[in-house]
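Everything on this sheet refers to the single structure shown next.
In my numbering, the protein residues as written are 21 to 489.
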């Protein structure tokens, strides 16, 4: 009887333990499932971020490239090719900027040369004007009209038969006009038609000739006297002629101005040649830049954005790989929790069946004991008391054994949890080491000694010696 009761109590306690274990397993499974679902959503977000960064960087990333076994290798190859393209386009841009600077300098030199030519031409014109002024007025005296000026004035008088021309003119019939001055020149008698007219003309001409001869004789005498006076005046004028210093200086300045003009024109021609060469060089460099940008599918105004997107793509790929590893680990943990939940549910069912069987036997044994007690006397009661004491001792021993088993199970569970934490820490350390190695590889181009010297980075100091493992 006591054995059946004890068995029933033990079955109930075992069933309650199994129920509690099933509850814990269910909570662990639900927690692992939630973590796995969150990691699955995080993997999807990271994959979308990788795709977005790849699109921004212009990387041709296919769905097959995002498979876990190909993602690291394929993304590294694509990122390396994109970085190489960015470096190539930047080198072409640097060459283009140099050509543009050369073009700008050539344009400035050409403008200055043209300004110098203009200034030299103005200086030459001023020198010519100064020379002409020095020739016309060596010492600031009254200006005497030159033959060219007189000729120009005479040429300004027109010969026309229109009395209303409105300009100074002389007509073939002897009429003339100069503004409000209008007149004509005519003869009093005919000179060549008729004998009387011709005789009168001859007599008049003879008289005029005799008069002219007399006048000429008197004029010759006067001219001889005037010549004497003129000779004396010429001697005086010769002594009073002005110096040619101003004209000489003006000629010298004109020569210098002409020389400067020739030199500035030569310099302007050279500057024009340099400018034309720089324009041609700029055209060649721009074509090369466009060709390089087209070959690498990088727009010249988005080089920095492409490089930033490529680096973001590399970071996102590393995060996606780490997230996938964590998701795989958590999925395994969730599956293990589900397996434990299934096993705990099965154990709980078995414990419930055992409890029902024990209770049924206890009920049967209790009914038999009651019948037996009614049938036997005091001796049987003493025997039953001794049996109960023995069963109580056995129960105490069973409880101690159960406590020992509980302590053993707790130690096993603690050991398993510690092992799981150690495994998780080892995996996290491996993930962190892999990410650190990836970061170090990405920073390897910047670790050159020459670049570090330019950045004024001190040389690395040796660290403490490593302890033997």
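Glycine included, every Cβ here is placed at the ideal spot set by N, Cα and C. Predicted model, so just to flag it, every value in this text is computed and none were measured.
- In the three-state scheme derived from DSSP, where H, G and I count as helix and E and B as strand, residue 318 is classed as coil.
- Put simply, of 349, 126 and 435 the residue whose alpha carbon is nearest the alpha carbon of residue 300 is 126.
- Beta-carbon to beta-carbon, residue 361 and residue 42 are separated by about 7 Å, close enough to satisfy the 8 Å threshold.
- Rounded to the nearest whole angstrom, the CA to CA distance from residue 248 to residue 241 is 11 Å.
- Cβ-Cβ separation between residue 337 and residue 64: approximately 15 Å, too far for a contact (criterion under 8 Å).
- DSSP places residue 80 in no beta strand (DSSP E); its state is neither H nor E.
- Going by DSSP, residue 195 is part of the beta strand (DSSP E) stretching over 195 to 198.
- In summary, residue 91 is buried, with 16 or more beta-carbon neighbours lying within 10 Å of its beta-carbon over all protein chains present.
- Under the three-state reduction of DSSP output, residue 190 falls in the strand class.
- Taking every protein chain shown into account, the CB of residue 432 has fewer than 16 other CB atoms within 10 angstroms, so this residue is exposed.
- Nearest C-alpha to residue 105 among 79, 129, 123 and 128: 79.
- Exposed is the label assigned to residue 414, since fewer than 16 other Cβ atoms lie within 10 Å of its Cβ.
- For a cut-off of 8 Å, the C-beta gap from residue 347 to residue 109 is around 37 Å, too long to register as a contact.
- The criterion of a C-beta distance shorter than 9 Å is not satisfied by residue 56 and residue 406.
- As computed with DSSP, residue 105 is found in no beta bridge at all.
- Sorting 37, 246, 135 and 116 by C-alpha distance to the C-alpha of residue 288 places 135 at the top.
- Residue 273 and residue 131 have their C-alpha atoms some 25 Å from each other.
- Across the set 464, 450, 102 and 365, the C-alpha of 450 shows the shortest separation from the C-alpha of residue 341.
- Selection 178, 446 and 217 evaluated against residue 198 yields 178 as nearest (Cα-Cα).
- Assigned with DSSP and collapsed to three states, residue 201 falls in strand.
- The three-state secondary structure of residue 177, taken from DSSP, is coil.
- The stretch 416 to 427 makes no contact with the stretch 306 to 315, as fewer than three CB pairs between them are under 8 Å.
- The residue among 375, 38, 107 and 311 with its C-alpha nearest the C-alpha of residue 465 is 107.
- In the three-state reduction of the DSSP assignment, residue 346 falls in the helix class.
- Closest in alpha carbon position to residue 271, among 334, 52 and 143, is 143.
- One thing to note: residue 330 has its Cβ no nearer than 9 Å to the Cβ of residue 51.
- Assigned with DSSP and collapsed to three states, residue 409 falls in helix.
- If you check the CB distance, residue 371 and residue 34 come in under 9 Å.
- Sorting 455, 367, 357 and 422 by C-alpha distance to the C-alpha of residue 437 places 357 at the top.
- Straight across, the Cα-Cα distance linking residue 297 with residue 113 is about 19 Å.
- In this structure, DSSP gives residue 87 a state outside helix and strand, which the three-state scheme calls coil.
- Of the residues 421, 410, 359 and 312, the one whose Cα lies closest to the Cα of residue 111 is 312.
- Cβ neighbours of residue 83 within its own chain (closer than 8 Å, five residues either side excluded): none.
- Put simply, the backbone Cα of residue 129 is about 17 Å away from that of residue 282.
- When the Cα atoms are used, residue 226 and residue 239 turn out to be separated by approximately 19 Å.
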